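Chemist: Dropping a structure here in C-alpha cells format, bear with me for questions.
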Amino acid sequence: HYSSISKLVESEARIETHFIMLTSRQTSSSIRWKLHHLRHNIEVRAQSSMTSEIRPPLPPFDEPSATQKVRMAEDAWNSRDPERVSLAYTPDSRWRNRSEFLTGRKEIEQFLKTKWDLETEYHLIKEVWAWQDNRIAVRFAYESKRNADGQWVRSYGNENWEFDEHGLMKHRIASINDLLISEDERKFRWPLGRRPDDHPGLSDLGL
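Using our numbering, the letters of the sequence shown correspond one by one to residues 108 to 314.
See the structure below:
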C-alpha cells in the first residue's frame, strides 16, 4: 500500500520536472494541458490511496471470514476504546442500539464513551449466527457492573450487520436484554481486555 503511494509520488515529481523543462522551452499549449491533466490524476490517486479505508476481511463473507470479522469486533469492543471501535464503521453508519438511534462516527464514539462510563468491568463474547453476501448475524453476551449501584448485569443480544465493499459496517441493528446477576454468577472472568484464545465461547458456556 505504502510502496504504491511512494511510486505515485515519485511519478508526480518526475512529471513536475518534465513540466518545468518543457514549459520553459515554450512547449505547445496542448502538451502543457496534457501534462497538467496527468499530474492532476496522479495527485488524486495518491490522495485517494492515503485516505481510503479498507477493513478486511471484505464481503462477500464465508464462514472463516465471518468468524474472523466477529472476533475482530469482539476484540475492539473489549478494548473499551470508543475511537478504535468507531473506525470499524462507515463515516455515515446508521445504528439502532436498544431504543437509541445513531448516525455517524461522532455519535457512535460519544455513545460508547457514555456506555463504558456507566458499565464498568466490561467483558464481551460474540458468536456468528449466520452470514450471506455482505451481511452477518451475530449473537452476543456481555457482563458488566453498573457504576451507579455496583449491580452486576449479564446482557444478551442479537445484532444484524451490513458492510460496504471496503469492509466497513454501514448498518448495525442491536436488540439487547439485561439479566441481573450476583458476583458469584459471573462467567466472564478473564482480565480486562481481549478474551484469551482458550477461553470458552458462548456455546461452550451454554449461553
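Here a beta-carbon is modelled for each residue, glycine too, at the ideal position from N, C-alpha and C. All figures in this text were calculated on a predicted structure; none of them were measured in a lab.
Leaving out the 5 sequence neighbours to the left and right, which residues in its chain are closer than 6 Å to arginine 203 when beta-carbon positions are compared?
Modeler: As a first step, residue 203 is located in the sequence shown; it is residue number 96 there, counting from the start. For arginine 203, where only same-chain residues beyond five positions count, the Cβ hits under 6 Å are Ile280.
Chemist: Within the stretch 203-249, note down every full beta strand (DSSP E) run reaching 3 residues or more, in order along the chain.
Modeler: Taking only runs of at least 3 residues, the beta strand (DSSP E) segments lying wholly in the stretch 203-249 are 207-210 and 226-239.
Chemist: Sort Ile243, Ile288, Tyr196 and Asp169 by Cα distance to tyrosine 263 and report the nearest one.
Modeler: The residue you call residue 263 lines up with position 156 of the sequence shown. Taking only the C-alpha atoms, the option nearest tyrosine 263 is Ile288.
Chemist: Below 8 Å, can you find three or more Cβ-Cβ pairs linking the stretch 270-278 to the stretch 204-217?
Modeler: With a cut-off of 8 Å, the stretch 204-217 and the stretch 270-278 do not count as touching, because too few Cβ pairs lie within range.
Chemist: Quick check for students: name the residue ranges of the alpha helix (DSSP H) that lie wholly in the stretch 155-198, counting only runs of 4 or more.
Modeler: You should have 170-186 and 189-193.
Chemist: Using the rule of at least 16 other Cβ atoms within 10 Å of the residue's Cβ for burial, across every protein chain shown, is proline 189 buried or exposed?
Modeler: Counted from its first residue, the sequence shown places residue 189 at position 82. It counts as buried.
Chemist: So, under 8 Å CB-CB, isoleucine 232 and glutamate 181 are touching, yes? Tell me the CB distance rounded to an integer number of Å.
Modeler: Translated into positions along the sequence shown, residue 232 becomes position 125. Translated into positions along the sequence shown, residue 181 becomes position 74. About 7 Å; that satisfies the 8 Å criterion.
Chemist: Is leucine 312 helix, strand or coil by DSSP?
Modeler: Here the question's residue 312 lines up with position 205 in the sequence shown. Helix, per DSSP.
Chemist: Whose CA, out of Ala244, Leu225, Glu234 and Val192, lies closest to the CA of aspartate 256?
Modeler: The count along the sequence shown starts at 1 and reaches residue 256 at position 149. Comparing Cα-Cα distances from aspartate 256 to each of Ala244, Leu225, Glu234 and Val192, the minimum goes to Leu225.
Chemist: If you drop the 5 nearest sequence neighbours on each side, which residues of the same chain put their C-beta closer than 6 Å to that of leucine 220?
Modeler: Here the question's residue 220 lines up with position 113 in the sequence shown. According to the sequence shown, residue 220 is lysine rather than leucine. Only Pro189 meet the Cβ criterion.
Chemist: On the three-state DSSP scale, how would you describe aspartate 291?
Modeler: On the sequence shown, residue 291 is found 184 positions in, with the first residue counted as 1. Helix at aspartate 291.
Chemist: Could you tell me the distance, in whole angstroms, from the CA atom of arginine 191 to the CA atom of asparagine 185?
Modeler: One-based indexing of the sequence shown puts residue 191 at position 84. One-based indexing of the sequence shown puts residue 185 at position 78. When rounded, the distance between both Cα atoms is 11 Å.
Chemist: Across which residues does DSSP place glutamate 269 in a beta bridge pair?
Modeler: In the sequence shown, the residue the question calls residue 269 occupies position 162. Per DSSP, Arg242 and His278.
Chemist: Buried or exposed for proline 166, going by 16 or more other Cβ atoms inside 10 Å?
Modeler: For this step, residue 166 is matched to residue 59 along the sequence shown. Buried, because 16 or more other Cβ atoms sit within 10 Å of the Cβ of proline 166.
Chemist: Can you grab the Cα-Cα spacing for the pair histidine 306 / threonine 227, in whole Å?
Modeler: As a working note, residue 306 is residue 199 in the sequence shown. As a working note, residue 227 is residue 120 in the sequence shown. Looking at the two C-alpha atoms, the distance is approximately 20 Å.
Chemist: Going by Cα to Cα distance, which pick from Asn254, Ile243, Gln258 and Ser206 is closest to phenylalanine 270?
Modeler: The count along the sequence shown starts at 1 and reaches residue 270 at position 163. The residue with the shortest Cα to Cα distance from phenylalanine 270 is Ile243.
Chemist: Strictly by DSSP, which residues pair up with aspartate 285?
Modeler: Start at 1 with the first residue of the sequence shown, and residue 285 comes out as number 178. Aspartate 285 is bridged to Ser262.
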